[in-house]
Amino acid sequence: MENKKLINLSHISKSFDGELILDDLNLYIRENEFLTILGPSGCGKTTMLRIIGGFETPDAGQVIFDGKDITKLPPNERQLNTVFQKYALFTHMTIADNIAFGLNIKKKSKQYIQDKIKYALKLVNLDGYENRMPDSLSGGQQQRIAIARAIVNEPKVLLLDEPLGALDLKLRQDMQYELIRLKNELGITFVYVTHDQEEALTMSDTIVVMNKGYIQQIGTPEMIYNEPQNAFVADFIGESNIISGTMVRDKLVNILGANFECVDEGLGINKSVDVVIRPEDVDLLPPEKGIIKGRVTSLIFKGVHYEMEVMANGFEWLVHSTDLVPVGQEVGIWVDPFNIQIMNKPESDDEEAVGVVDE
Amino acid sequence: MRERFKRKMQTSGVFRQLLAGPYIVWMVAFIVIPLLLIAYYGFTVKTDDGLRFSLSNLTLIANPINLKALGLSLELSLISTIICLILAYPIALMLRNRNVGSDSFVIMIFMLPMWMNFLLRTIAWQNILEKTGVINSLLSVFGIKPLNLINTSGAIVFGMVYNFLPFMILPIYNVLVKIDQNVINAARDLGANAFQTFIKVILPLSVPGMISGITMVFVPSLTTFVISSILGGSKIVLIGNVIEQQFKFLGNWNAGSGLSLVLMIFILISMALVSIYDKDDVKGF
Amino acid sequence: MKTRRILENIYIGLVMVFLYAPILVLVVLSFNASKSRAKWGGFTLKWYGELFQNREIMSALSNTLLIALLSALFATVIGTLAVIAMSRMKKVPKTILTTLSNIPMLNAEIVTGVSLMLVFVAVNMKLGFNAVLIGHITFNIPYVVLSVLPKMKQTNSSVYEAALDLGATPVKAFCKVVLPDLMPGIVSGFILSFTMSMDDFVITHFTRGAEIHTLSTKIYAETRKGIKPEMYALSTLLFVSVLVLLIIVNKRNMAEAKKRKN
Numbered sequence: 030m031e032n033k034k035l036i037n038l039s040h041i042s043k044s045f046d047g048e049l050i051l052d053d054l055n056l057y058i059r060e061n062e063f064l065t066i067l068g069p070s071g072c073g074k075t076t077m078l079r080i081i082g083g084f085e086t087p088d089a090g091q092v093i094f095d096g097k098d099i100t101k102l103p104p105n106e107r108q109l110n111t112v113f114q115k116y117a118l119f120t121h122m123t124i125a126d127n128i129a130f131g132l133n134i135k136k137k138s139k140q141y142i143q144d145k146i147k148y149a150l151k152l153v154n155l156d157g158y159e160n161r162m163p164d165s166l167s168g169g170q171q172q173r174i175a176i177a178r179a180i181v182n183e184p185k186v187l188l189l190d191e192p193l194g195a196l197d198l199k200l201r202q203d204m205q206y207e208l209i210r211l212k213n214e215l216g217i218t219f220v221y222v223t224h225d226q227e228e229a230l231t232m233s234d235t236i237v238v239m240n241k242g243y244i245q246q247i248g249t250p251e252m253i254y255n256e257p258q259n260a261f262v263a264d265f266i267g268e269s270n271i272i273s274g275t276m277v278r279d280k281l282v283n284i285l286g287a288n289f290e291c292v293d294e295g296l297g298i299n300k301s302v303d304v305v306i307r308p309e310d311v312d313l314l315p316p317e318k319g320i321i322k323g324r325v326t327s328l329i330f331k332g333v334h335y336e337m338e339v340m341a342n343g344f345e346w347l348v349h350s351t352d353l354v355p356v357g358q359e360v361g362i363w364v365d366p367f368n369i370q371i372m373n374k375p376e377s378d379d380e381e382a383v384g385v386v387d388e
Numbered sequence: 084m085r086e087r088f089k090r091k092m093q094t095s096g097v098f099r100q101l102l103a104g105p106y107i108v109w110m111v112a113f114i115v116i117p118l119l120l121i122a123y124y125g126f127t128v129k130t131d132d133g134l135r136f137s138l139s140n141l142t143l144i145a146n147p148i149n150l151k152a153l154g155l156s157l158e159l160s161l162i163s164t165i166i167c168l169i170l171a172y173p174i175a176l177m178l179r180n181r182n183v184g185s186d187s188f189v190i191m192i193f194m195l196p197m198w199m200n201f202l203l204r205t206i207a208w209q210n211i212l213e214k215t216g217v218i219n220s221l222l223s224v225f226g227i228k229p230l231n232l233i234n235t236s237g238a239i240v241f242g243m244v245y246n247f248l249p250f251m252i253l254p255i256y257n258v259l260v261k262i263d264q265n266v267i268n269a270a271r272d273l274g275a276n277a278f279q280t281f282i283k284v285i286l287p288l289s290v291p292g293m294i295s296g297i298t299m300v301f302v303p304s305l306t307t308f309v310i311s312s313i314l315g316g317s318k319i320v321l322i323g324n325v326i327e328q329q330f331k332f333l334g335n336w337n338a339g340s341g342l343s344l345v346l347m348i349f350i351l352i353s354m355a356l357v358s359i360y361d362k363d364d365v366k367g368f
Numbered sequence: 006m007k008t009r010r011i012l013e014n015i016y017i018g019l020v021m022v023f024l025y026a027p028i029l030v031l032v033v034l035s036f037n038a039s040k041s042r043a044k045w046g047g048f049t050l051k052w053y054g055e056l057f058q059n060r061e062i063m064s065a066l067s068n069t070l071l072i073a074l075l076s077a078l079f080a081t082v083i084g085t086l087a088v089i090a091m092s093r094m095k096k097v098p099k100t101i102l103t104t105l106s107n108i109p110m111l112n113a114e115i116v117t118g119v120s121l122m123l124v125f126v127a128v129n130m131k132l133g134f135n136a137v138l139i140g141h142i143t144f145n146i147p148y149v150v151l152s153v154l155p156k157m158k159q160t161n162s163s164v165y166e167a168a169l170d171l172g173a174t175p176v177k178a179f180c181k182v183v184l185p186d187l188m189p190g191i192v193s194g195f196i197l198s199f200t201m202s203m204d205d206f207v208i209t210h211f212t213r214g215a216e217i218h219t220l221s222t223k224i225y226a227e228t229r230k231g232i233k234p235e236m237y238a239l240s241t242l243l244f245v246s247v248l249v250l251l252i253i254v255n256k257r258n259m260a261e262a263k264k265r266k267n
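Chains as they are written, first to last, in this note's numbering: chain B, 30 to 388; chain G, 84 to 368; chain P, 6 to 267.
(1) Would isoleucine 217/B count as contacting chain G if we go by Cβ distances under 8 Å?
(2) So what does DSSP say about histidine 334/B, is it helix, strand or coil?
(3) Okay, do the segment 316-328 of chain G and the segment 233-245 of chain G touch, 3+ Cβ pairs below 8 Å being the bar?
(4) Hey, does alanine 177/B have any beta-carbon neighbour from chain G nearer than 8 Å?
(5) Answer with yes or no whether the minimum CB distance from tyrosine 222/G to chain P is below 8 Å.
(6) Can you tell me whether DSSP reads lysine 44/P as helix, strand or coil?
(7) Tell me the rounded alpha-carbon separation between glutamate 380/B and isoleucine 297/G.
(8) Could you tell me the boundaries of the beta strand (DSSP E) in which glutamine 91/B lies?
(9) Since phenylalanine 23/P contacts tryptophan 198/G with CB under 8 Å, what's their CB separation in whole angstroms?
(10) Alpha carbon to alpha carbon, what distance is there between proline 105/G and serine 340/G?
(11) In terms of residues, what are the limits of the beta strand (DSSP E) holding serine 42/B?
(12) Starting from alanine 287/B, follow its DSSP beta bridges and name the residues at the other end.
(13) Against chain B, with Cβ distances strictly below 8 Å, would alanine 269/G count as a contact?
(14) Along the segment 253-266 of chain G, where does the CB come closer than 9 Å to a CB of chain B? Name the residues.
(15) Can you give me, in chain order, the residues of the segment 111-127 of chain G that have a beta carbon less than 7 Å from any beta carbon in chain P?
(16) So is lysine 156/P buried or exposed if we call it buried at 16+ other beta carbons inside 10 Å?
(17) Applying a beta-carbon distance threshold of less than 7 Å, which residues of chain G neighbour glutamate 61/P?
(18) Closest Cβ-Cβ distance between glycine 296/G and chain B: below 8 Å?
(19) Helix, strand or coil: which one does DSSP assign to histidine 349/B?
(20) Starting from the Cα of serine 76/P, find the closest Cα among Ile146/P, Val192/P, Lys95/P, Thr8/P and give me that residue.
(21) Contact check, leucine 155/B vs isoleucine 174/B under 8 Å by CB: the rounded distance?
(22) If you follow the alpha helix (DSSP H) that asparagine 210/G is in, where does it begin and where does it stop?
(23) What residue ranges within the segment 128-203 of chain G form continuous alpha helix (DSSP H) runs of no fewer than 4 residues, ordered along the chain?
(24) From aspartate 312/B to glycine 361/B, what does the alpha carbon distance come to, in whole angstroms?
(25) Do threonine 185/B and threonine 235/B have their CB atoms nearer than 8 Å?
(26) Strictly by DSSP, which residues pair up with asparagine 240/B?
(27) My assumption, with CB atoms under 8 Å, is that leucine 170/G sits in contact with valine 137/P. Please give the rounded CB distance.
(28) Against valine 302/G, what residues of chain P qualify as contacts under a CB-to-CB distance less than 8 Å, listed in chain order?
(29) Quick one: give me the first and last residue of the alpha helix (DSSP H) that glutamine 140/B is part of.
(30) Can you have a look at valine 305/B and say buried or exposed, based on whether 16 or more other CB atoms are within 10 angstroms of its CB?
(31) Does DSSP put isoleucine 99/B in a helix, a strand or coil?
(32) Among the residues of its own chain, which have a CB less than 7 Å from the CB of arginine 402/B, if the five just before and after it don't count?
(33) Contact between the segment 125-136 of chain P and the segment 209-216 of chain P: three or more CB pairs below 8 Å?
(34) In this structure, how does DSSP classify arginine 161/B when only helix, strand and coil are distinguished?
(35) DSSP has glycine 323/B in a bridge; who is on the other side?
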């Protein structure tokens with residue numbers, strides 16, 4: 030069952046100092062989904078969130094919320110709340126006053142506010158912190174307070190702008206589960222912005238991959254990972270071998286001078302394509318059994334698997350395998366047709382930007 | 084190796100602390116001892132057989148002329164502090180919102196006038212305010228009778244505000260630029276309108292800057308003798324003028340020191356206020 | 006939104022007029038052929054020429070510049086050394102030292118001035134150039150401390166330790182890796198001190214005795230009988246040269262910032 034569309038961004042454009050940050054962007058967000066906007070820094074993801082939050086007005090386009098045009102509405106009149114990068118707590122107020130801020134503005138009753146503070150602190154596992162000052166809390170705790178401060182207002186949508194960016198790895202992973210739990214408990218829409226692909230894959234119902242102001246791909250985490258639509262997405266999400274190739278015919282692609290079977294059809298004959306093969310999908314066999322031959326050039330133990338580099342037909346293949354193959358060994362490379370992902374070559378550099386991502 | 088490294092760090096630490104030597108000697112010799120001397124002079128009187136402990140220099144403040152001077156000083160400096168605060172806050176806020184970018188540019192605009200001598204700038208106000216001055220000439224164009232502006236308490240307040248306004252603007256500006264834009268956004272996001280955001284978030288967060296600015300305007304205004312003697316004529320006497328005359332013309336250093344001590348009570352109060360709020364370096368430079 | 010912007014511009018403009026009006030008046034007076042401040046006697050450049058023949062003003066100028074330069078120099082050295090030392094101190098002595106530097110900043114100038122005078126008299130030191138210089142160094146040190154201290158807080162102590170680890174002597178390590186970080190603070194402390202010294206009147210007034218004059222005390226002495234027009238000319242020259250200097254520095258900084266951005 031598909032939920033109804035809650036937010037609709039249509040033809041949004043925005044530039045700063047003559048630099049185009051968002052270009053004619055269209056996106057809808059469904060009620061109750063955990064949607065993550067993922068991309069490298071400078072891709073326009075934060076600007077998009079700020080436009081939804083009302084801190085930025087688009088140069089062109091409309092923001093429709095629940096059927097109403099809210100493009101020009103100031104942030105205080107929108108039914109959504111934001112969890113900011115670096116928390117943005119009010120350092121001159123106690124935790125209780127921070128959480129009560131929105132409710133006080135709405136002139137809720139004292140009892141109601143008290144109850145809400147208690148409920149919210151319990152929800153983020155910080156009962157009893159009412160009278161502490163924000164400065165006396167750790168980064169992770171401040172982050173929870175920032176979330177509590179937002180959700181007591183019962184927004185329909187919670188916007189989260191890289192909320193875990195300032196936390197260390199272990200805490201970040203704990204908070205990821207925490208956020209999923211919160212979302213399920215609250216039953217509201219989360220719009221989450223991050224540059225961390227792992228975070229996106231772990232938490233989201235839907236991922237929107239962005240680069241240079243354009244949406245590169247929208248889909249479930251599985252779709253994004255298994256069927257990247259272009260080299261940028263393939264490269265940005267997880268590790269992969271991206272190789273130029275040519276379609277020989279339907280279901281057969283030529284890469285590095287050898288023909289590989291695949292499952293893609295209708296791309297045309299002799300068409301240039303990008304081929305994506307995930308490192309865990311490369312099978313190393315005895316030399317004569319593979320499609321092409323190569324030699325292992327490096328080997329690193331990574332815990333769950335070995336990471337190897339194999340030089341074959343002039344390309345350095347990245348291979349993940351639980352089986353150890355020593356350096357210098359000759360091997361045959363074989364890939365299951367289902368694990369070969371074929372993508373059209375981008376026509377313009379901008380629209381489906383290829384390239385190394387600067388982090 | 085480790086041991087040697089540690090030793091190197093320790094000796095360098097001890098050596099480093101010694102570098103404070105000249106500073107400590109200097110500040111003790113020319114700040115602490117001079118203040119003790121003021122106390123010494125203030126609590127003694129000259130008699131035929133040497134110096135004698137006395138409170139009479141302090142009680143000089145009860146003398147109607149001195150009391151009047153102190154009262155007027157307090158009144159005028161309070162008024163100018165309030166005017167400075169009212170004038171400075173909006174401008175600091177506007178500069179912050181404009182994102183002028185470089186703080187040094189803002190500091191420069193307000194420091195630049197200091198390169199025209201402070202006395203000359205104050206004297207220039209005579210030209211603007213006096214009977215035949217710029218303002219009255221402008222008024223006469225519109226057929227308005229000349230106003231009596233110079234040699235009034237108002238002129239002194241004017242001079243105080245003029246001279247010390249930058250010292251109110253800069254500390255307030257400094258705390259305002261440090262407020263994270265997202266904190267302001269958060270208030271808006273939680274439903275506060277622009278006015279509520281100002282009252283509940285921006286204003287309380289800028290208190291340290293205001294306190295710093297208030298003392299930096301109040302103390303020099305309270306103790307000035309230059310502004311009053313240039314813009315106030317000879318009839319208006321502030322406590323600063325009284326003290327200056329005791330030292331420079333009457334040669335009664337005991338009386339001057341005693342009155343200085345009384346004045347310092349007010350300065351100490353404002354210093355105490357600053358130390359409560361002075362978490363960061365918000366003084367404006 | 007737009008009207009608000011216009012109102013803001015008007016307000017900022019009025020404050021600027023307020024701050025710079027007296028400066029304009031002084032510049033105009035420097036071209037006034039009439040000796041009287043009160044009336045306009047036509048345009049002249051005469052005062053600019055006579056200025057350099059006026060020995061009293063020239064000697065006051067040289068005193069002012071010399072005291073400003075020397076006091077800024079001494080204050081910068083003493084203040085910077087103190088900040089370097091403070092970085093290795095425990096909290097209590099550090100607080101005492103910073104409080105010490107806050108005293109002259111927060112105290113009334115008149116009290117600082119008379120107290121210095123009392124000390125010089127107590128040790129039988131003649132009031133004059135040296136006394137004024139000591140006074141200026143005293144009130145300048147806090148400005149240096151205030152400028153350098155924040156930079157010291159920003160420096161990363163592990164950089165210094167890394168330099169030691171790599172075999173540098175403490176002094177060398179300090180000069181090579183810490184000092185460059187402090188430099189902007191030291192420079193602004195020096196400039197601030199120089200400016201404060203140039204503009205000072207009160208401390209000089211009480212410590213100069215009868216022998217020497219700086220520009221400030223000279224102006225104060227002339228207040229009643231009328232300021233010599235050469236003084237306006239000199240002030241205008243000083244102001245304009247600082248203005249030009251600042252514009253050049255600012256332009257260069259902006260050009261550099263632009264270069265870095267590209």
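Where is the CB? At the ideal position from N, CA and C, for every residue including glycine.
In short:
(1) Here residue 217/B refers to the residue found at position 188 of the first sequence. Not one chain G Cβ lies under 8 Å of isoleucine 217/B.
(2) As a position in the first sequence, residue 334/B is number 305, starting the count at 1. Histidine 334/B: coil per DSSP, three-state reduction.
(3) yes
(4) In the first sequence, the residue the question calls residue 177/B occupies position 148. So no, alanine 177/B is outside the interface.
(5) Sequence index remark: in the second sequence, residue 222/G carries index 139 (1-based). Residue identity check: residue 222/G is leucine in the sequence provided, not tyrosine. Taking Cβ atoms only, chain P never reaches closer than 8 Å to leucine 222/G, which makes this a no.
(6) Taking the first residue of the third sequence as 1, we reach residue 44/P at position 39. Three-state DSSP puts lysine 44/P in coil, outside helix and strand.
(7) Stepping through the first sequence from its first residue, residue 380/B is reached at position 351. Stepping through the second sequence from its first residue, residue 297/G is reached at position 214. Any reading at glutamate 380/B must be qualified, since the residue scores a pLDDT of 45, below 50, and its modelled position is unreliable; the value itself is stated next. Those two C-alpha atoms are separated by around 56 Å.
(8) Taking the first sequence and counting its residues from 1, one reaches residue 91/B at position 62. Element bounds for glutamine 91/B: 89-94.
(9) Counting from one through the third sequence, the residue named residue 23/P turns up at place 18. Counting from one through the second sequence, the residue named residue 198/G turns up at place 115. Going by Cβ atoms, the distance from phenylalanine 23/P to tryptophan 198/G rounds to 17 Å, so no, they are not a contact pair.
(10) In the second sequence, the residue the question calls residue 340/G occupies position 257. In the second sequence, the residue the question calls residue 105/G occupies position 22. In a straight line, the C-alpha of serine 340/G is about 28 Å away from that of proline 105/G.
(11) Position 13 of the first sequence, counted from the first residue, corresponds to residue 42/B. Taken as a continuous stretch (DSSP letters only), the beta strand (DSSP E) holding serine 42/B covers 34-45.
(12) On the first sequence, position 258 is the one that residue 287/B refers to. Beta-bridge pairing links alanine 287/B to Ile284/B.
(13) Here residue 269/G refers to the residue found at position 186 of the second sequence. Cβ-Cβ to chain B under 8 Å: yes for alanine 269/G.
(14) Asp263, Gln264, Asn265, Val266
(15) Phe113, Ile114, Ile116, Pro117, Leu118, Leu120, Ile121, Tyr124
(16) Position 151 of the third sequence, counted from the start, is the residue given in the question as residue 156/P. Buried: at least 16 other Cβ atoms inside 10 Å.
(17) One-based indexing of the third sequence puts residue 61/P at position 56. Within chain G, no residue comes near glutamate 61/P; the closest Cβ sits about 16 Å away, beyond 7 Å.
(18) Within the second sequence, the letter at position 213 stands for residue 296/G. It does not; no Cβ of chain B falls within 8 Å.
(19) As a position in the first sequence, residue 349/B is number 320, starting the count at 1. Of the three classes helix, strand and coil, the one that applies to histidine 349/B here is strand, per DSSP.
(20) By 1-based counting over the third sequence, the position of residue 76/P is 71. Checking every option, the nearest Cα to that of serine 76/P belongs to Ile146/P.
(21) Your numbering for residue 155/B matches position 126 in the first sequence. Your numbering for residue 174/B matches position 145 in the first sequence. The Cβ separation is near 7 Å, so the contact holds.
(22) For the purposes of this step, residue 210/G is taken as residue 127 along the second sequence, with counting starting at 1. Unbroken alpha helix (DSSP H) run through asparagine 210/G: 201-212.
(23) 139-142, 147-181, 186-194
(24) Numbered from 1 along the first sequence, position 283 holds the residue referred to as residue 312/B. Numbered from 1 along the first sequence, position 332 holds the residue referred to as residue 361/B. Answer to the nearest angstrom: the Cα atoms are 8 Å apart.
(25) On the first sequence, residue 185/B is found 156 positions in, with the first residue counted as 1. On the first sequence, residue 235/B is found 206 positions in, with the first residue counted as 1. Reading off the sequence, residue 185/B comes out as lysine, not threonine. Cβ distance not < 8 Å, so lysine 185/B and threonine 235/B don't count as in contact.
(26) For the purposes of this step, residue 240/B is taken as the residue at position 211 of the first sequence. Its beta-bridge partners are Tyr243/B.
(27) Locating residue 170/G in the second sequence gives position 87, counting from the first residue. Locating residue 137/P in the third sequence gives position 132, counting from the first residue. At roughly 34 Å, the Cβ-Cβ gap does not stay under 8 Å, so leucine 170/G and valine 137/P are not in contact.
(28) Within the second sequence, numbered from 1, the residue matching residue 302/G stands at position 219. Within 8 Å Cβ-Cβ: Leu111, Asn112, Ala113.
(29) In the first sequence, residue 140/B corresponds to position 111, counting from 1. Taken as a continuous stretch (DSSP letters only), the alpha helix (DSSP H) holding glutamine 140/B covers 139-152.
(30) By one-based count along the first sequence, residue 305/B stands at place 276. Counting Cβ neighbours within 10 Å, valine 305/B comes out buried, since at least 16 surround it.
(31) If you number the first sequence from 1, residue 99/B lands on position 70. DSSP places isoleucine 99/B in coil when its eight states are reduced to three.
(32) As displayed, chain B neither begins before 30 nor continues past 388, which places residue 402/B out of reach and without an answer.
(33) yes
(34) Locating residue 161/B in the first sequence gives position 132, counting from the first residue. Coil, per DSSP.
(35) Within the first sequence, the letter at position 294 stands for residue 323/B. DSSP output for glycine 323/B lists Val360/B as bridge partner(s).
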